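Q: Going by full-length UniProt numbering, the first residue of the sequence shown is number 1, and it counts up by one from there. Got a structure for you, written out below as structure tokens; questions coming shortly.
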Amino acid sequence: MLWSGDRAWRQAGERRMLCGLQLPGPNNQQALFKGKVADLDQSKVWPAGTCLAIDSNTNQPVDVPVDCTAPHAMEVTGTVNLAEKFPNALPAEPEQDAYIKDNCTRMTDAYLAPVKLRTTTLTLIYPTLSLSSWSAGSREVACSIGATLGNGAGPRW
Numbered sequence: 001m002l003w004s005g006d007r008a009w010r011q012a013g014e015r016r017m018l019c020g021l022q023l024p025g026p027n028n029q030q031a032l033f034k035g036k037v038a039d040l041d042q043s044k045v046w047p048a049g050t051c052l053a054i055d056s057n058t059n060q061p062v063d064v065p066v067d068c069t070a071p072h073a074m075e076v077t078g079t080v081n082l083a084e085k086f087p088n089a090l091p092a093e094p095e096q097d098a099y100i101k102d103n104c105t106r107m108t109d110a111y112l113a114p115v116k117l118r119t120t121t122l123t124l125i126y127p128t129l130s131l132s133s134w135s136a137g138s139r140e141v142a143c144s145i146g147a148t149l150g151n152g153a154g155p156r157w
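Given below as structure tokens:
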């Protein structure tokens with residue numbers, strides 16, 4: 001939500017507010033998009049090879065792309081489109097999980113080639129879609145890989 005500020009609200013009687021959506025992008029810039037948000041796929045996905053930041057205080061992933069030479073939580077290896085297999089309705093979580101895991105494993109093996117994911121200590125990371133995300137138009141999920149810090153404090157790559 002954007003508003004003109006406390007001073008304009010109190011002193012000038014300004015009562016306009018603008019509502020919108022933002023998604024953090026690289027270098028502390030907002031990700032750009034064109035068109036109406038309602039007409040766009042709402043999925044948070046990135047191109048293969050994109051590295052996502054890690055919060056240095058919590059060691060948790062942050063959905064902000066960073067240079068892969070900087071500390072990061074995970075590296076994107078591909079994108080799975082659930083609508084290709086489930087065009088009509090959101091599948092149950094076990095069906096999503098099986099479909100996403102199979103596709104993410106295949107994409108990650110291709111990304112890491114000639115190394116296979118199962119021969120590494122890396123962890124395959126992917127979400128499933130909630131009903132609210134599906135209803136908003138999300139159909140894709142990002143496949144990523146990461147490694148634990150060694151102290152069990154979450155992924156780091």
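Even glycine gets a Cβ: it sits at the ideal position worked out from N, Cα and C. Source: prediction; values computed, not measured.
#1: Ala142: buried (16+ other C-beta within 10 angstroms of its C-beta) or exposed?
#2: With three or more C-beta pairs closer than 8 angstroms as the rule, is the region 75 to 92 touching the region 54 to 63?
#3: By the 10 Å Cβ neighbour count, where 16 or more other Cβ atoms means buried, how is Glu93 classified, buried or exposed?
#4: Helix or strand or just coil, what does DSSP make of Cys19?
#5: In chain order, what residues of the same chain have a beta carbon less than 7 angstroms from the beta carbon of Cys68, not counting five sequence neighbours either side?
#6: Does DSSP put Cys51 in a helix, a strand or coil?
#7: Near Gln96, what residues of its chain come up, given a Cβ to Cβ distance below 6 angstroms and the 5 sequence neighbours on each side ignored?
#8: Between which two residues does the beta strand (DSSP E) holding Ser132 run?
#9: Compare the beta carbon distance of Leu131 and Ile145 with 8 angstroms and say whether it is the shorter of the two.
#10: List the endpoints of the continuous alpha helix (DSSP H) containing Leu112.
A: Let me lay it out:
#1: By the 10 Å Cβ count, Ala142 comes out buried.
#2: No: the two stretches stay apart, fewer than three of their Cβ pairs being nearer than 8 angstroms.
#3: The residue in question, Glu93, is exposed, as its Cβ has fewer than 16 Cβ neighbours within 10 Å.
#4: The answer is coil: DSSP assigns Cys19 none of H, G, I, E or B.
#5: Within the same chain, and ignoring the five residues on either side of Cys68 in sequence, the residues whose Cβ sits closer than 7 angstroms to its Cβ are Cys51 and Glu75.
#6: Here Cys51 sits in strand by DSSP.
#7: If we look at Gln96 and ignore the five residues flanking it on each side, its Cβ neighbours are Thr128.
#8: For Ser132, there is no enclosing beta strand (DSSP E); the residue is found in the alpha helix (DSSP H) stretching over Leu131 to Ser135.
#9: Contact flag unset, no.
#10: First-last of the alpha helix (DSSP H) with Leu112: Glu93 to Leu112.
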